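See structure below.
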Amino acid sequence: MSLQRCLVLTVATGAVWMDLRTRRIANEWIITAWIVGLVTQLIRYGAAGAGIFLFGMLFPILALYILFYFHMLGAGDIKLLSAVGGFLGVPAILKCMIVSFLSGAVLSIGIILVCGNLPQRLTKFFNYFQTYFTKRKYQKKTEPVPYYDGKWGMECIHFSVPVLMGVLLWIGGFY
Numbered sequence: 119m120s121l122q123r124c125l126v127l128t129v130a131t132g133a134v135w136m137d138l139r140t141r142r143i144a145n146e147w148i149i150t151a152w153i154v155g156l157v158t159q160l161i162r163y164g165a166a167g168a169g170i171f172l173f174g175m176l177f178p179i180l181a182l183y184i185l186f187y188f189h190m191l192g193a194g195d196i197k198l199l200s201a202v203g204g205f206l207g208v209p210a211i212l213k214c215m216i217v218s219f220l221s222g223a224v225l226s227i228g229i230i231l232v233c234g235n236l237p238q239r240l241t242k243f244f245n246y247f248q249t250y251f252t253k254r255k256y257q258k259k260t261e262p263v264p265y266y267d268g269k270w271g272m273e274c275i276h277f278s279v280p281v282l283m284g285v286l287l288w289i290g291g292f293y
């Protein structure tokens, strides 16, 4: 396995470990990953590596901001994808994001089926948006309510796990 793949696996695995323990991914971990990703790209591609790193790092942030705005995806998850994107570049991080969301969907469906609360989850999802748009209609400034309210159990997944799944599939040559 290449050094790049080992580093990306280390970044993703460390983030999952932190996320499962504390529900947070430490900024120091992400900053370190960004630095290592930049250095890795500079070593591999010279000055062009800075551009590969920058675009790969920024793409997840820009693409997923709307999910962060609606509190449906945490900042740590987006920063993790950003750190991974710095290593992978835009084409591969786009595929990683798609695979991660598909993995997350499969994981979520499995958990919801085990918990047996699909109707409650769908109701919460639609009520969330109804509340947001109702508040927006009657108030000038709208702060969306967090989608995760702390009242749900295991059906609120740690998205770092599907990101790790996406990284593992990248390492395995799936994309």
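All letters in the sequence shown, in the order written, are residues 119 to 293 by my numbering. Think of the CB as a built atom: it goes at the ideal place given N, C-alpha and C, for glycine as much as any other residue. As the structure is a computational prediction, the values presented were derived from the model and not from experiment.
- Item | Inter-residue Cα distance where the pair is ASN245 and MET190 | 14 Å
- Message: DSSP three-state label for MET190, please.
- Response: coil
- Let me know if GLN159 comes out buried or exposed under the rule of 16 or more other beta-carbons within 10 Å of its beta-carbon. buried
- Message: Alpha carbons only, please: which of VAL134, LEU206, TYR163 is nearest the one belonging to TRP152?
- Response: LEU206
- Query: Going straight from the alpha carbon of TYR183 to that of ILE170, what length do you get?
  - Reply: 20 Å
- Under a CB-based cut-off of 9 Å, is GLN122 close to chain B? Considering every chain present, this structure includes no chain B. It has just one protein chain.
- Query: Does the Cβ of ILE211 have 16 or more other Cβ atoms within 10 Å, making it buried, or fewer, making it exposed?
  - Reply: buried
- Item | C-beta contact flag for SER221 and MET283 at 9 Å | yes
- Terminal residues of the continuous alpha helix (DSSP H) containing GLY284? 278-289
- C-alpha distance - LEU225 paired with LEU138, whole-angstrom precision: 15 Å
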